[in-house]
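Student:
Number of protein chains: 2
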Amino acid sequence: MKTLRVPEATVTRLSIYSRYLERLDRNGVSSVSSGEIADGVGVSPAQVRKDLAYFGEFGTRGVGYNVKDLMRYTLKILGLDRHWNLILVGAGNLGYALCTYRGFNMRGFSIVGVFDNDLTKIGKRINDLEVLPMESMPEIVKDHNVRIGIIATPTRAAQEVADYMIKCGMQAILNFAPLPLNLPEHVEVRNVDLSVKLEILTFNLGFKSAQNV
Amino acid sequence: MKTLRVPEATVTRLSIYSRYLERLDRNGVSSVSSGEIADGVGVSPAQVRKDLAYFGEFGTRGVGYNVKDLMRYTLKILGLDRHWNLILVGAGNLGYALCTYRGFNMRGFSIVGVFDNDLTKIGKRINDLEVLPMESMPEIVKDHNVRIGIIATPTRAAQEVADYMIKCGMQAILNFAPLPLNLPEHVEVRNVDLSVKLEILTFNLGFKSAQNV
DNA sequence: TAGCTAATGTTATTTACTTCACATAATATA
DNA sequence: TATATTATGTGAAGTAAATAACATTAGCTA
Chain A
2 MKTLRVPEAT VTRLSIYSRY LERLDRNGVS SVSSGEIADG VGVSPAQVRK
52 DLAYFGEFGT RGVGYNVKDL MRYTLKILGL DRHWNLILVG AGNLGYALCT
102 YRGFNMRGFS IVGVFDNDLT KIGKRINDLE VLPMESMPEI VKDHNVRIGI
152 IATPTRAAQE VADYMIKCGM QAILNFAPLP LNLPEHVEVR NVDLSVKLEI
202 LTFNLGFKSA QNV
Chain B
2 MKTLRVPEAT VTRLSIYSRY LERLDRNGVS SVSSGEIADG VGVSPAQVRK
52 DLAYFGEFGT RGVGYNVKDL MRYTLKILGL DRHWNLILVG AGNLGYALCT
102 YRGFNMRGFS IVGVFDNDLT KIGKRINDLE VLPMESMPEI VKDHNVRIGI
152 IATPTRAAQE VADYMIKCGM QAILNFAPLP LNLPEHVEVR NVDLSVKLEI
202 LTFNLGFKSA QNV
């Protein structure tokens with residue numbers, strides 16, 4: 002098996018292919034071509050094949066791909082052939098929304114601990130979880146073998162929370178605070194910035210208007 | 002002024018520089034170099050200068066950039082030198098979180114209409130807004146001159162909602178449903194997929210584990 | 001005012017990513 | 001069984017983006 006560096010764009014698309022394949026499978030589709038996948042998710046057929054080629058050969062020439070098989074392969078590649086327990090810090094509205102977000106469960110993620118340092122929030126329930134004080138993090142992490150943490154705090158708290166998460170053993174962090182975190186190399190971080198995409202839209206709208214003038 | 006095509010990655014970074022500059026400005030910093038911006042947001046100094054070069058010359062050789070000026074320029078480039086009214090469909094937990102999200106207001110965005118087709122949700126209040134039925138959309142859009150819509154519905158409703166938004170005149174859509182939308186060319190769409198980034202993390206954790214074995 | 005230092009703006013280089021094009025292989029058909 | 005058709009997998013070509021390198025210019029110092 003090849004060990005080329007895999008572009009992050011490829012991993013992103015793989016995640017999208019994977020979900021598209023789940024949908025096909027639910028709809029009873031058993032076979033699919035790179036062209037159909039491409040149409041379904043809005044990329045080129047060559048792109049689909051190239052992306053898959055980083056990880057092996059999954060199709061049959063002249064035929065296409067078996068939906069169930071390819072779905073399982075993509076899930077496995079993404080590390081989703083297993084269950085992942087997560088912790089989340091920040092029991093505000095965003096934290097609440099993330100805890101109740103179905104999309105995570107559907108992909109094998111479970112939030113097993115919600116933390117906050119606000120005394121008015123500690124003890125409240127979200128689904129079947131109680132919001133806990135930060136000091137409880139090490140215990141939860143140990144009990145549930147947690148490696149990934151989600152930050153849904155106000156911006157000002159994010160860096161401190163990230164540092165504490167790492168002290169508690171987190172190996173990866175998903176950060177919703179609009180602030181670049183400063184973390185050691187061995188920790189994987191990805192940011193979800195809710196307003197950046199919105200600003201790409203305003204940029205493009207502005208650009209269009211300018212061209213019409 | 003050059004009219005090269007601007008890479009989307011550049012626009013994304015511009016949004017991040019812009020917020021970083023706002024922070025510097027709030028902290029009373031008046032001058033900054035490309036190297037300092039680079040350190041602050043985690044890119045290379047050359048990248049910062051290259052990104053800015055798409056839009057003009059904003060610095061002084063040997064000196065650096067005036068923070069307030071560059072902040073204003075970046076905001077203007079992104080189309081954020083004005084106010085943007087938004088509508089949102091889907092008054093669930095995610096919709097609620099987005100309506101109350103400070104990050105939008107801080108960048109000049111206001112959600113002026115929240116819609117749902119669920120009768121149990123219509124009439125409820127979010128901040129100072131009442132959740133309205135879908136039929137009210139055209140009126141709100143007209144009254145507030147809205148061009149951008151946010152989709153925070155369950156996946157199954159997203160495509161239909163997007164179509165209706167466009168009928169109501171939306172020119173751009175920010176889609177939180179994990180589904181590629183099928184829309185006419187002239188409509189700008191960006192997806193915020195909450196679990197894709199999480200799956201990049203699990204991919205990377207899996208990859209690391211594999212390499213250690 | 002001449003020389004030094006610092007940091008921009010920009011060209012050249014390198015690297016990364018995407019698309020193209022086609023050889024290969026599987027199935028269907030006559 | 002030969003032929004036509006379809007769609008994969010992949011090397012080559014093309015495009016785009018990031019990095020490096022440097023010429024330029026502002027400000028400082030003696």
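Heads up: the protein sequence lines correspond to chains A and B, in order. The first sequence begins at 2 in my numbering and counts up one residue at a time. The second sequence begins at 2 in my numbering and counts up one residue at a time. In this text, a Cβ means the ideal position worked out from N, Cα and C, and glycines have one as well.
Any C-beta of chain A within less than 7 Å: which residues of the region 166–196 of chain B qualify?
Tutor: Within the region 166–196 of chain B, the residues whose Cβ lies closer than 7 Å to some Cβ of chain A are Gln172, Ala173, Leu175, Pro179, Pro181, Glu189, Arg191, Val193, Leu195, Ser196, listed in chain order.
Student: What separation, rounded to the nearest whole angstrom, lies between the Cα atoms of Tyr66/B and Pro179/A?
Tutor: The straight-line gap from Cα to Cα measures roughly 23 Å.
Student: So with CB distances below 8 Å, who are the chain B contacts of Lys198/A?
Tutor: What Lys198/A touches in chain B: Leu175, Arg191, Asn192, Val193.
Student: List, from N- to C-terminal side, the alpha helix (DSSP H) runs of 4 residues or more that fit wholly inside the region 101–127 of chain A.
Tutor: Correct list: 103–107.
Student: What are the start and end residues of the alpha helix (DSSP H) that includes Arg27/B?
Tutor: Per DSSP, Arg27/B belongs to the alpha helix (DSSP H) from 9–27.
Student: CA-CA distance, Thr75/B and Leu15/B?
Tutor: Spanning the two alpha carbons is a distance of roughly 7 Å.
Student: So for Tyr55/A, helix, strand or coil by DSSP?
Tutor: In the structure shown, Tyr55/A sits in coil (DSSP, three-state: anything other than H, G, I, E or B).
Student: So, with DSSP's three-state summary, where would you put Arg191/B?
Tutor: In this structure, Arg191/B counts as strand in the three-state DSSP scheme.
Student: Per DSSP, Val44/B forms a beta bridge with which residues?
Tutor: In the DSSP output, where bridge partners are listed per residue, Val44/B has none listed.
Student: Would you list, in chain order, the members of the region 127–160 of chain A that have their beta-carbon closer than 7 Å to a beta-carbon of chain B?
Tutor: From the region 127–160 of chain A, only Arg148, Ile149 have a Cβ closer than 7 Å to chain B.
Student: Tell me which same chain residues have a C-beta within less than 7 Å of the C-beta of Lys198/B, skipping the five on either side of it?
Tutor: So no residue of the chain qualifies.
Student: Taking the alpha carbon of Thr11/B as the point to measure from, which residue in Met166/B, Ala54/B, Arg157/B has its own alpha carbon closest?
Tutor: The residue with the shortest Cα to Cα distance from Thr11/B is Ala54/B.
Student: Determine whether the Cβ of Ser16/B lies closer than 9 Å to any Cβ atom of chain A.
Tutor: Interface residue, yes.
Student: Check whether the region 90–102 of chain B touches the region 95–111 of chain A, taking contact to mean three or more Cβ pairs, one atom from each stretch, closer than 8 Å.
Tutor: Short answer: they touch.
Student: Which complete alpha helix (DSSP H) runs does the region 136–161 of chain A hold, if anything under 4 residues is left out?
Tutor: Correct list: 138–145.
Student: Mind checking which residues open and close the beta strand (DSSP E) that includes Leu175/B?
Tutor: That run of the beta strand (DSSP E) goes 173–176.
Student: Using 9 Å as the limit for Cβ to Cβ distance, is Phe116/A near chain B?
Tutor: Closer than 9 Å: no.
Student: Can you check DSSP and say which residues form a bridge with Tyr66/B?
Tutor: Beta-bridge pairing links Tyr66/B to Val33/B.
Student: Taking contact to mean at least 3 C-beta pairs separated by less than 8 Å, is the region 170–177 of chain B in contact with the region 104–115 of chain B?
Tutor: Flag = no, the region 170–177 of chain B and the region 104–115 of chain B do not touch.
Student: Straight-line CA distance for Ser35/A to Asn205/B?
Tutor: Ser35/A and Asn205/B: Cα-Cα distance of roughly 25 Å.
Student: Could you check which residue in Ile17/A, Pro8/A, Glu9/A, Gly60/A has the C-alpha nearest to that of Asp194/B?
Tutor: The residue with the shortest Cα to Cα distance from Asp194/B is Ile17/A.
Student: By DSSP, does Leu71/A sit in helix, in strand, or in coil?
Tutor: Looking at Leu71/A - three-state DSSP - the assignment turns out to be helix.
Student: Relative to the C-alpha of Asn302/A, which candidate in Glu200/A, Arg73/A, Lys69/A has its C-alpha closest?
Tutor: The question about residue 302/A has no answer, for chain A in this structure spans 2 to 214.
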